[in-house]
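Comments concern the structure below.
Residue numbers (the numbering used here), protein chains in the order written: chain R, 34 to 679; chain F, 14 to 266.
Here's what the structure looks like:
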């Protein structure tokens with residue numbers, strides 16, 4: 034018997050959410066005023082939750098490490114947001130969005146959660162339009178759509194290549210209205226470093242004020258983690274520099290199980306790495322695959338010349354180009370899901386057909402769509418992305434194809450939550466990318482924005498009431514409780530330990546070492562030997578880190594190296610757990626590709642008999658082996674099949 | 014994409030311990046920087062060098078490093094976001110600099126943006142202006158269908174042009190009066206161009222302008238410098254629109 038209770042409601046799939054909503058408790062307006070909620074993170078999930086909860090009457094305290102809530106990394110999402118509106122009359126429906134998401138996730142997500150996501154997706158678009166999000170429009174004034182990978186309909190709503198920005202500014206505007214009314218207390222440049230639990234319930238957090246260096250105590254009746262993903266374990270990723278797994282990791286160390294840590298998404302269309310000095314990778318939106326064709330040379334000798342810089346892409350005739358996605362996957366072509374497109378690019382490059390000096394790039398070519406539609410149409414669709422590409426690479430993508438290569442992008446794994454989005458710690462919730470729940474082994478394009486806003490606008494505000502209804506007698510949380518003393522002391526000791534190492538190497542140098550191990554052994558292709566090696570290497574890096582890290586500057590003032598050191602300390606442990614989870618899951622599914630489990634055609638091969646479950650890891654103490662719990666995934670509606678995009 | 018390597022650069026950078034102490038320029042040398050390295054990566058390399066030498070690294074704001082979060086700032090050789098057009102500092106690449114060049118780096122300079130440390134400034138004044146009215150007053154839920162109000166493509170595009178502002182503060186830092194008019198007008202224009210935003214347009218314009226004045230931003234004298242340095246190409250036509258909205262609101266009073 035597992036200790037996990039996913040609390041998935043009984044009954045037919047399409048009725049679960051409405052029945053659940055009818056059954057859960059509601060807090061009266063008079064009582065909401067007496068209840069405090071902490072929301073950590075102000076991206077799409079945290080921002081929409083903070084605004085919605087405050088509008089409902091709760092007192093919200095919101096936290097972000099940036100200097101403004103509107104800078105959270107949701108802002109960088111380019112392509113769009115999915116919704117089952119069927120505005121294009123292409124036979125889209127809630128069921129089709131649900132099915133695409135379950136299949137795209139390689140059957141490792143919960144049916145009930147995904148159906149709910151599809152169900153509320155339409156409301157998100159309505160909400161965003163009402164807030165003034167300037168979505169693209171047709172001449173008649175109706176909303177435009179485009180297609181994304183892994184689907185055969187057009188259900189993606191967009192605002193040029195800046196959809197994440199516009200959606201975030203929308204929910205941030207709603208937050209601002211509530212801040213102005215005193216219903217949200219906003220704490221910028223403030224990072225959560227521990228969770229406070231009193232009598233088994235989440236009652237507050239310990240933070241560090243990044244401007245003054247002070248350690249602060251904040252109490253609430255419930256705590257919501259909305260801090261996004263942990264892709265920066267890999268050092269190089271498309272995440273913002275400050276993105277970290279800290280809040281989720283502290284939750285884990287305080288009893289919240291961690292779900293599917295090995296499920297990370299590798300995005301196929303990023304600008305390739307250019308050398309040793311690179312700090313992060315830049316994504317080129319998946320929407321580009323609507324109009325760009327992916328290819329490498331057919332002839333090895335052409336590839337070698339390209340690698341040496343002896344010829345350019347435009348010197349290669351059409352018949353000598355291998356449009357390998359169209360060749361291998363004729364029905365989806367360039368719009369196969371991300372995991373499939375990434376592996377196909379790696380396969381070509383590993384076979385020696387890469388097109389840059391490192392042999393680690395493929396082309397994304399707009400020549401054909403420019404010929405078909407004209408440059409002005411392409412410019413209107415992707416102008417800002419093309420400009421961004423040219424600024425970074427000094428190559429004009431209207432004239433020469435883009436070079437792209439896969440990079441770490443998104444974490445499908447995250448804090449384990451039940452159907453109410455509550456973690457295994459009562460009163461502690463996780464929403465958006467920070468939880469594990471909706472994308473299984475692979476996320477479809479334009480679904481992250483959908484999930485973040487679904488959780489924040491339309492799911493958490495209801496489900497949190499079910500818990501808080503029993504807390505109306507709980508007075509405001511006492512910050513002098515011994516548990517706050519204990520946790521504040523622990524945070525101070527943890528930071529002092531790092532600060533006092535006074536070693537010889539920078540925090541970044543350890544982070545890069547970790548990133549290299551993670552990319553080589555816990556990246557796009559994994560095997561038992563490599564994963565065991567990674568676990569051993571990570572332990573060595575961790576030991577070196579605690580013996581030789583150097584953190585200059587003052588302890589109790591703004592100290593960016595100290596901030597980074599705390600995050601890298603968490604990443605070292607997270608990387609270890611990811612490798613352990615990847616080692617346990619001896620099947621390939623979605624973004625998790627075990628070389629021991631592949632079909633004859635080289636596609637990922639799932640093992641449904643043995644791995645149709647969510648891995649939920651329980652922390653057992655420093656240097657103790659974590660314990661694996663399994664939540665069996667029960668498919669009542671869809672039939673599990675081998676994914677095919679041919 | 015074979016980029017040149019710059020053998021040596023001199024970096025003259027503003028160092029300031031905190032808001033209470035006076036700052037001054039310090040000079041550092043840095044070697045062997047590839048032209049394909051971004052400006053902030055160059056600073057990372059310099060910081061690595063400083064840490065290895067036992068000195069405190071230079072504090073600067075940055076986050077997404079892809080030109081959209083608006084966190085990075087820096088006045089580089091006298092220009093906000095450095096010597097290239099339509100980009101943020103994180104998108105600036107070292108190929109824009111010459112061998113042996115001296116690069117001067119300063120924080121945003123504006124009364125409303127006090128220095129926190131080195132190159133980091135406090136821009137929360139922007140947030141306070143937004144809190145005064147940079148929104149449409151709708152609660153979550155109970156809104157009409159997304160297609161219920163048709164919006165012409167031109168209006169949607171114009172709203173998007175204004176909404177593209179990333180709130181970095183380059184306009185304020187560039188303006189000789191430290192005016193925030195471009196920032197405020199972008200938000201007012203974005204919402205004023207949409208039927209959803211018209212309902213409270215008057216209130217919004219008045220409240221945001223009043224808050225902007227209260228926070229110590231200077232007046233606009235139409236020099237147009239803000240538009241030139243805006244990384245997102247926000248047009249000063251927005252300032253004209255804000256003035257119109259503000260005037261119309263005041264006349265109604």
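Note that the Cβ used here is the ideal one computed from N, Cα and C, for glycine as well.
Would you list, in sequence order, the uninterrupted alpha helix (DSSP H) runs of no fewer than 4 residues that lie entirely inside the segment 456–534 of chain R?
481–486, 493–501 and 515–532, all fully within the segment 456–534 of chain R.
For residue 53 of chain F and residue 122 of chain F, the rounded distance between their alpha carbons
Taking the straight line joining both Cα atoms gives about 19 Å.
Let me make sure I understand the geometry here. Which of R/325, R/640 and R/102 has the alpha-carbon closest to that of residue 359 of chain R?
Ranking R/325, R/640 and R/102 by CA distance to the CA of residue 359 of chain R puts R/325 first.
One or two residues paired with residue 298 of chain R in a DSSP bridge
Residue pairing by DSSP places residue 298 of chain R opposite R/443 in a beta bridge.
Using beta-carbon positions only, say whether residue 760 of chain R and residue 621 of chain R come within less than 8 Å of one another.
Nothing in the structure corresponds to residue 760 of chain R, since chain R is present only between 34 and 679.
Give the residues of chain B in contact with residue 88 of chain R, contact being defined as C-beta atoms less than 7 Å apart.
Absence of chain B from the displayed structure is noted, the protein chains being R and F.
Skipping 5 residues on each side, what residues in its chain have a beta carbon closer than 6 Å to that of residue 234 of chain R?
Same-chain partners within the cutoff: 459 and 460.
In the DSSP assignment, find the alpha helix (DSSP H) that holds residue 388 of chain R and state where it starts and stops.
Counting along the chain, residue 388 of chain R falls outside any alpha helix (DSSP H), and DSSP gives it neither H nor E.
Extract the residue ranges of the alpha helix (DSSP H) inside the segment 129–179 of chain F, only unbroken runs of 4 or more that lie entirely within it.
As far as the segment 129–179 of chain F is concerned, its whole alpha helix (DSSP H) runs of at least 4 residues are 137–144 and 166–176.
In chain order, each beta strand (DSSP E) run of at least 3 residues that lies wholly inside the segment 163–233 of chain R
Segments of the beta strand (DSSP E) lying fully in the segment 163–233 of chain R: 217–220 and 223–231.
May I ask you to report which of helix, strand or coil DSSP gives residue 318 of chain R?
In the structure shown, residue 318 of chain R sits in coil (DSSP, three-state: anything other than H, G, I, E or B).
Against chain F, with Cβ distances strictly below 8 Å, would residue 340 of chain R count as a contact?
Residue 340 of chain R has a beta carbon lying at 8 Å or more from every beta carbon in chain F.
Applying a beta-carbon distance threshold of less than 7 Å, which residues of chain F neighbour residue 445 of chain R?
Correct list: empty, because the minimum Cβ distance to chain F is about 21 Å.
Would the segment 348–368 of chain R and the segment 320–337 of chain R be scored as touching if the rule is three or more Cβ pairs under 8 Å?
Contact between the segment 348–368 of chain R and the segment 320–337 of chain R is established, with three or more Cβ pairs separated by less than 8 Å.
To which residues of the same chain is residue 92 of chain F closer than 6 Å at the C-beta, ignoring the five residues directly before and after it?
Sequence-distant Cβ neighbours of residue 92 of chain F in its own chain, meaning closer than 6 Å and more than five residues away, do not exist here.
With the cut-off set at 8 Å, would you say residue 73 of chain R and residue 93 of chain R are in Cβ contact?
With contacts defined as CB atoms closer than 8 Å, residue 73 of chain R and residue 93 of chain R fail to qualify as a contacting pair.
When you compare each of F/241, F/34, F/242 and F/234 to residue 256 of chain F by their alpha carbons, which one comes out closest?
The candidate whose alpha carbon is nearest that of residue 256 of chain F is F/234.
Cα-Cα, which of R/675, R/615 and R/246 is closest to residue 633 of chain R?
Sorting R/675, R/615 and R/246 by C-alpha distance to the C-alpha of residue 633 of chain R places R/675 at the top.
Quick one: measure Cβ to Cβ for residue 175 of chain F and residue 203 of chain F, integer angstroms, because I've assumed they're closer than 8 Å.
The pair is a contact, with the Cβ atoms about 4 Å apart (cut-off 8 Å).
Out of R/168, R/249 and R/281, which has the shortest C-alpha to C-alpha gap to residue 467 of chain R?
Closest by C-alpha distance to residue 467 of chain R, out of R/168, R/249 and R/281, is R/281.
Quick check on DSSP: helix, strand or coil for residue 261 of chain R?
Coil at residue 261 of chain R, not helix or strand.
Specify, as a first and last residue, the run of the beta strand (DSSP E) that residue 120 of chain F falls within.
Annotation: residue 120 of chain F is outside any beta strand (DSSP E) and is labelled neither H nor E by DSSP.
Distance, residue 635 of chain R Cα to residue 550 of chain R Cα:
If I take the Cα positions, the gap works out to 24 Å.
What does residue 425 of chain R touch in chain F if you count any residue whose Cβ is under 9 Å from its own?
Close partners of residue 425 of chain R in chain F (Cβ separation under 9 Å): 49, 51, 79, 104 and 106.
Contact belief for residue 544 of chain R with residue 604 of chain R at Cβ below 8 Å, rounded distance in angstroms:
7 Å between Cβ atoms; contact.
Taking residue 40 of chain F as the reference, which of F/56, F/23, F/50 and F/172 has the closest Cα?
Among F/56, F/23, F/50 and F/172, the Cα nearest to that of residue 40 of chain F belongs to F/23.
How would you list, in chain order, the residues of chain R whose beta-carbon sits under 7 Å from the beta-carbon of residue 172 of chain F?
Correct list: 167.
When DSSP builds the beta bridges, which residues end up paired with residue 50 of chain R?
Residue pairing by DSSP leaves residue 50 of chain R without any beta bridge partner.
Any idea which residues DSSP pairs residue 330 of chain R with across the strands?
BP columns for residue 330 of chain R point to R/354.
Let me confirm a value: residue 647 of chain R is counted as buried when at least 16 other C-beta atoms fall within 10 Å, else exposed. Which label applies?
Residue 647 of chain R should be labelled buried.
Along the segment 558–571 of chain R, where does the CB come closer than 7 Å to a CB of chain F? Name the residues.
Taking 7 Å as the Cβ-Cβ cut-off against chain F, none of the residues of the segment 558–571 of chain R qualify.
Along the alpha helix (DSSP H) that carries residue 649 of chain R, what are the first and last residues, could you check?
In this chain, residue 649 of chain R is not harboured by any alpha helix (DSSP H); it is covered by the beta strand (DSSP E) spanning 646–651.
What in chain R is Cβ-close to residue 148 of chain F, meaning under 7 Å?
Under the 7 Å cutoff, chain R gives 206, 207, 209 and 210.
Given a limit of 7 Å on CB to CB distance, which residues of the segment 153–169 of chain F reach chain R?
Residues of the segment 153–169 of chain F that bring their beta carbon within less than 7 Å of a beta carbon in chain R comprise 153, 156, 157, 158, 159, 160, 163, 164, 165, 166 and 169, in sequence order.
List in chain order: all unbroken beta strand (DSSP E) runs of 3+ residues lying wholly within the segment 76–118 of chain R.
You should have 92–96.
Let me check understanding here. Comparing Cα to Cα, which of R/444, R/671 and R/107 lies closest to residue 45 of chain R?
Cα-wise, what sits closest to residue 45 of chain R is R/671.
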